[in-house]
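Using our numbering, the final residue of the first sequence is 1630, and nothing's skipped along the way.
Idealized CB from N, CA, C, for every residue including glycine.
The structure presented is a predicted model; accordingly, all values stated were derived computationally and were not measured.
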Amino acid sequence: MLEKHFDPARAEQRIYEDWEKRGAFKPSGNPEAEAYSIVIPPPNVTGSLHMGHALNNTIQDIMVRFERMRGKDVLWQPGTDHAGIATQMVVERKLAAQGEPSRWELGREEFVRRVWEWKEESGSTIINQLRRLGASCDWSRERFTMDEGLSRAVRKVFVELYREGLIYKDKRLVNWDPKLHTAISDLEVVPTETKGYLWHFRYPVEGEEGRFIVVATTRPETMLGDTAVAVHPDDERYKDIIGKKVILPLVGRKIPIVADEHADPETGTGAVKITPAHDFDDFEVGKRHGLPMINILAADATLLLRDNADFLQGLEKTDELEQTLGLHGVERFEARARIVARMDSLGLVEKIEDHVHMVPYGDRSGVPVEPWLTDQWYVNAKVLAGPALEAVRKGDTRFIPDNWKKTYFDWLENIQPWCISRQLWWGHQIPAWYGVGVDREEDKVFPLKRKIFVAETEQEVIEEARKYYGHDVFIVSNFSEAQAEIANKKCHLTDRGFPIWREEDVLDTWFSSALWPFSTLGWPDETPELKRYYPTSVLVTGFDIIFFWVARMMMMGLHFMKDIPFHDVYIHALVRDEHGAKMSKSKGNVIDPLELVDRYGADALRFTLAAMAVMGRDIKLAESRVAGYRNFGTKLWNAARFLEMNEVGRNPDFDPAACREPLNRWIAGEALRATRAVTEGIEAYKFNEAAAAIYQFTWNVYCDWYLELIKPVLREGDAAAREETRASARWALDTILKLLHPFMPFITEELWQRTGGEGLLMLSAWPSGEGLVDEEAARDLQWVIGAISAIRSTRAEMNVPAGMKIPAVLAGAGAESRRRLAEWKTEIIRLARLSDIELADAAPAKAAQIVHGEAIIALPMEGVIDLAAETARLEKEIARAEKDARGIEARLANEKFLSRAPQQVVEENRQRLEELKARMEKLHAALDRLKALG
RNA sequence: GGGCGGUUAGCUCAGCGGUAGAGCACUACGUUGACAUCGUAGGGGUCACUGGUUCGAUCCCAGUACCGCCCA
């Protein structure tokens, strides 16, 4: 016997383990079946499940379960991402919290070992959380971006792209994160509106006593690295001094006034200071004018002045300079304040304005990033973007909803070189090695000009280097070790040959993620899985990583597999709190999906997310919805419980189309409609529509009407009718369980098994979209349900006590209505709480009168009836009908409507008007009868 | 500045060229050996605003206002 409620806390884990134990998540491997595959967006190993994950994986699981039931050979490929910066930060924080040595003290090797240790311990947290959600991934194939196999894929991709010239090393300005001490990509920078100031500084013009040029800056500290002042070539104010020099205050450097269109005459004074080493725009200006690039910042964004050859170059030793050198090692914001103070004391501050501007922050570290001149590795994304653009333009890969492809195009069309090196320890170390450059012709060595060797393995590198040097080589761990080895040697040739050392940087995490759709399937090996499941069917992800991930998978997939990585990209919404705010820890409005799972069960959360997953719109999650759908589960549970009480068993040979009872023929048709709606909804990624269809069928059709209507049959119907109805009720409930399973896998599986279903529901066959639709039965039921609803409604308005049974009379009924009444009398009496209902030629006096089709249902209520209330009720009905009728009449009186509207619409309106008129006539007659009493 | 999306019941949201819907909340009543996590009934809407297209606009188009996001 089923309990009164489903208990998710007790059942979910057991059910999940059973599925997994029975291998239900693995592909069927059926060679006849169509392949269907999804690769999971790999969550960070450091992560814990948030609402975004819950939505993302619920959607994937719905599709995967659906396709599995439809008989496809389904692979849902799971795994996790090593998440370079995030993970490294987590472990560093943990070391600090436990009072252990820092990563610098531990050294690279030991630190990386610690991170692995941490990964083994905690990396499965999020995987277990996905299990709680019910995700039916094939866990036996779980991958990690730093697995040996995936690492091999990374090395191969790097080496091949390098050899094709699509990866190169370059010295450019990067976004430098001074807290994490690494370069980050443009995408990892968050421009943040910040209140600041615009300082207007006077720079004295050389040779023109008393003349200043005023430049405005939001970053005074960078002035120490200024190498020019730019004015617009057409700016009359400065035409005469272009080519002259200004003397940079505090430094004494003489820097040119250059003409460049970058200077906007409209803003500020029209003159701008140029700091090529610390500003992206200025960098370009510097290149155009061949200006020196003076870096004045260290890696931690303190000022770098002393022993800075570039900075000191050509400077006279003055007291002023000496004072400036005192800023060496000072933190950037402190330096800013001190520089402003000194400029002010020199009378060189023209004015200070309040100024709101965008400051770039690192998305991980949360500190302002610095444009900084360094050597980094880049991918020539422009070349790779071509095919990625083309594939979407041609429609090989489809974005759903379609409008996201515009975002995708805009970014790829303007793509910048992708900086892929990171100065971290946790990640894929770049497979590049350095040695000193040599020129054997002249037998010369260029110690500063490094030779780069790139290969997948150390062995290959050694061979390559040997060839290059014509000598033996040996590997040292870094440049300084190499220096030590060669310190006293000529030609850098040591006893052991030439030293080479490996690039210390690791790759951007997204580099390995970009390979995910094929690396997880075994590439570079030509595995059967790769052959069968690539390209994958669909990628499900949020719009926030279209650039980070989707575009890059497209680029890499097309380049290395010569084929798109996925046919569809379904972009789902962001989950916000119930007022629309983005969830964030700092706001404290984060809703933890696992808490909701604890409270309401995974099924309720999943159903809520599916029901709210409307294309192209964010989800504002209200907990009340989750509770509501938990109740829905309870409703279903109790429907099953009802069947159990009535000893409704399964009949494997049951064919709904062979039913004789109109009730059963009707529910068969309704079930079919629901099946089609759910199927089409999921197929079209309209999860809300699919969810609404199964919800309504279950609750508003099956429970509210079908189960209520079969109660008399089960109790007192004849044996044949009873048998058929039992089988039909069971069949319809099974249909519900199947249709609902992708959304609510736990409760449906539990009900299936507890009621003796064969095997696993999750592996049973999806209901077919073919079957019986009996229009006549549908019309009958519409009449019956309409009659019952109208009587109930009237009773309530007449204030008839709920418990009181009253008689009813069907007057003026035609043959069809008489037949219907005869056929459904018991059910109507029961559900409308009547004592009896009889036929009559005319409605009796003193009765509430309901117009139902051509007939009148009268509720004689001698002594009970409130004449005034009934009069009011009828008048209200008449008024409503009149209003509708007037609208339609006006429309039908319009010549243009008649001539231009589709004939069918005109006909519909005519018919409706007829119906309304007939109804009004009857309502008036009823009112007259009532008034005759008064 | 460029782009995208939104504005529908008290709240959260569907929908749609012809008759405006759901869940929650609210009100009244509890009746039937599935279910009070329930049942029955009910109230509640100038579909942001202004124009246009159309026989007809909440829906299509343009503009305005406000909100949100993305890109510079």
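Open item on the list: If we require 4 or more residues per run, which alpha helix (DSSP H) segments fall completely within the stretch 1336-1412?
Closed with: 1358-1379, 1383-1392 and 1404-1412
Task: Burial state of residue 1176 (16 or more Cβ within 10 Å) - done: Taking the first residue of the first sequence as 1, we reach residue 1176 at position 480. Exposed.
- [ ] Please go through the same chain and pick out, in chain order, the residues whose beta-carbon is closer than 7 Å to the beta-carbon of residue 1361, but skip the five residues on each side of it.
- [x] Position 665 of the first sequence, counting from 1, holds the residue named residue 1361. Once the five neighbours on either side are set aside, the close Cβ partners of residue 1361 are 1355, 1468, 1470 and 1473.
TODO: Verify whether the separation of the beta carbon atoms of residue 1257 and residue 1224 is less than 9 Å.
DONE: Start at 1 with the first residue of the first sequence, and residue 1257 comes out as number 561. Start at 1 with the first residue of the first sequence, and residue 1224 comes out as number 528. No, Cβ-Cβ distance for residue 1257 and residue 1224 is not below 9 Å.
TODO: Give, in chain order, every unbroken run of the alpha helix (DSSP H) that is at least 4 residues long and sits entirely within the stretch 966-1003.
DONE: 976-985
Task: Contacting residues, own chain, Cβ-Cβ under 8 Å from residue 940 (five flanking each side not counted) - done: By one-based count along the first sequence, residue 940 stands at place 244. The answer, listed in chain order, is 901, 902, 903, 904, 952 and 953.
Task: residue 1207 classed as buried or exposed, judged by whether at least 16 other C-beta atoms fall within 10 angstroms - done: Walking along the first sequence from the start, residue 1207 turns up at place 511. Buried, since its Cβ has 16 or more Cβ neighbours within 10 Å.
Task: Length-filtered (3 minimum) beta strand (DSSP E) runs lying within the stretch 1223-1304 - done: Counting only runs of 3 or more, we get 1232-1238 and 1262-1268.
Task: Buried versus exposed call for residue 1341 [16 or more other C-beta atoms within 10 Å across all chains shown] - done: Residue 1341 sits at position 645 when you count from the first residue of the first sequence. With fewer than 16 other Cβ atoms within 10 Å, it is exposed.
Task: Buried versus exposed call for residue 1040 [16 or more other C-beta atoms within 10 Å across all chains shown] - done: The residue labelled residue 1040 in the question sits at position 344 within the first sequence. When all chains shown are included, residue 1040 counts as exposed.
- [ ] Mark residue 1029 as exposed unless 16 or more other C-beta atoms lie within 10 angstroms of its C-beta, in which case mark it buried.
- [x] Here residue 1029 refers to the residue found at position 333 when the first sequence is read from its first residue. Counting the other CB atoms within 10 Å of its CB gives residue 1029 a total below 16, which places it among the exposed residues.
- [ ] For residue 1594, I'd like the list of residues in its chain whose CB is within less than 8 Å of its CB, leaving aside the five on either flank, ordered along the chain.
- [x] Translated into positions along the first sequence, residue 1594 becomes position 898. These residues qualify, in order along the chain: 1588 and 1602.
- [ ] With a cut-off of 8 Å on the beta carbons, I'd call residue 970 and residue 981 a contact; round off their distance for me.
- [x] Position 274 of the first sequence, counted from the start, is the residue given in the question as residue 970. Position 285 of the first sequence, counted from the start, is the residue given in the question as residue 981. 5 Å between Cβ atoms; contact.
- [ ] Would you kindly check if the distance between the Cβ of residue 1066 and the Cβ of residue 871 is under 9 Å?
- [x] As a working note, residue 871 is residue 175 in the first sequence. As a working note, residue 1066 is residue 370 in the first sequence. Yes, the pair counts as a contact, with Cβ atoms nearer than the cut-off.
- [ ] Would you list the residues sitting across from residue 769 in a DSSP beta bridge?
- [x] Taking the first residue of the first sequence as position 1, residue 769 is located at position 73. In the DSSP assignment, residue 769 is bridged to 731.
Task: residue 1620 - partner residues in DSSP beta bridges - done: As a first step, residue 1620 must be located in the first sequence, where it is residue number 924. Its beta-bridge partners do not exist; DSSP assigns none.
- [ ] Check each candidate in 932, 945 and 943 and name the one with the smallest Cα separation from residue 959.
- [x] Here residue 959 corresponds to residue number 263 of the first sequence, with the count starting at 1. Checking every option, the nearest Cα to that of residue 959 belongs to 932.
TODO: Assign residue 1469 to one of three DSSP states: helix, strand, or coil.
DONE: Mapped onto the first sequence, residue 1469 falls at position 773. In the structure shown, residue 1469 sits in coil (DSSP, three-state: anything other than H, G, I, E or B).
Open item on the list: So within the stretch 699-745, which uninterrupted beta strand (DSSP E) runs reach at least 3 residues, ignoring any that extend past its ends?
Closed with: 731-735
Task: Span separating the alpha-carbon of residue 1287 from that of residue 734 - done: On the first sequence, position 591 is the one that residue 1287 refers to. On the first sequence, position 38 is the one that residue 734 refers to. The alpha-carbon atoms of residue 1287 and residue 734 are separated by roughly 27 Å.
Open item on the list: On the criterion of 16 or more Cβ atoms from any shown chain inside 10 Å, does residue 906 qualify as buried, or is it exposed?
Closed with: Taking the first residue of the first sequence as position 1, residue 906 is located at position 210. It counts as exposed.
TODO: Put residue 1439 into one of helix, strand or coil per three-state DSSP.
DONE: By one-based count along the first sequence, residue 1439 stands at place 743. In the structure shown, the three-state DSSP call for residue 1439 is coil.
Task: Inter-residue CB distance, residue 962 and residue 929 (contact presumed, cutoff 8 Å) - done: Position 266 of the first sequence, counting from 1, holds the residue named residue 962. Position 233 of the first sequence, counting from 1, holds the residue named residue 929. 15 Å between Cβ atoms; not a contact.
Task: Among 1270, 1590 and 1565, the one whose alpha carbon lies nearest that of residue 1623 - done: Looking up residue 1623 in the first sequence gives position 927. Checked all of 1270, 1590 and 1565; the closest Cα to residue 1623 is 1565.
TODO: May I ask which residues mark the beginning and end of the beta strand (DSSP E) holding residue 1057?
DONE: Residue mapping note: residue 1057 aligns to position 361 of the first sequence, counting from 1. Its beta strand (DSSP E) spans residues 1045-1058.
Task: Separation of residue 839 from residue 853, as counted between CA atoms - done: Sequence index remark: in the first sequence, residue 853 carries index 157 (1-based). Sequence index remark: in the first sequence, residue 839 carries index 143 (1-based). Rounded to the nearest angstrom, the two C-alpha atoms are 18 Å apart.
TODO: With a threshold of 16 other CB atoms inside 10 Å of the CB of residue 1173, please say whether the residue is buried or exposed.
DONE: Taking the first sequence and counting its residues from 1, the one referred to as residue 1173 is at position 477. Residue 1173 should be labelled exposed.
Task: Exposed unless 16 or more other CB atoms sit within 10 angstroms - verdict on residue 1632 - done: Residue coverage of the chain in this structure runs from 697 to 1630, which leaves residue 1632 outside it and unanswerable.
- [ ] Could you have a look at residue 1669 and say whether DSSP puts it in helix, strand or coil?
- [x] No answer is possible for residue 1669: the residues shown for the chain start at 697 and end at 1630.
Open item on the list: Assuming residue 681 is part of the alpha helix (DSSP H), what are its boundary residues?
Closed with: It is not possible to answer for residue 681, since the shown part of the chain is limited to 697 through 1630.
Open item on the list: If you reduce the DSSP assignment to three classes, tell me which class residue 1009 lands in.
Closed with: As a first step, residue 1009 is located in the first sequence; it is residue number 313 there, counting from the start. Residue state for residue 1009 is assigned as coil, using DSSP reduced to three classes.
Open item on the list: For residue 709 and residue 1222, what's the separation of their Cα atoms in angstroms?
Closed with: Residue 709 sits at position 13 when you count from the first residue of the first sequence. Residue 1222 sits at position 526 when you count from the first residue of the first sequence. Answer to the nearest angstrom: the Cα atoms are 37 Å apart.
TODO: Could you tell me which of 775, 966, 754 and 750 sits nearest to residue 1217, measuring between CA atoms?
DONE: Looking up residue 1217 in the first sequence gives position 521. Comparing Cα-Cα distances from residue 1217 to each of 775, 966, 754 and 750, the minimum goes to 775.
Task: Stretch-stretch touch, CB-based, cutoff 8 Å, three pairs: the stretch 871-888 with the stretch 1031-1039 - done: no
- [ ] Return helix, strand or coil for residue 1414, following the three-state DSSP convention.
- [x] As a first step, residue 1414 is located in the first sequence; it is residue number 718 there, counting from the start. Here residue 1414 sits in coil by DSSP.
Task: Option nearest residue 1304 by Cα separation, candidates 754, 1519 and 1433 - done: Looking up residue 1304 in the first sequence gives position 608. Selected option, being the one with the closest Cα: 754.
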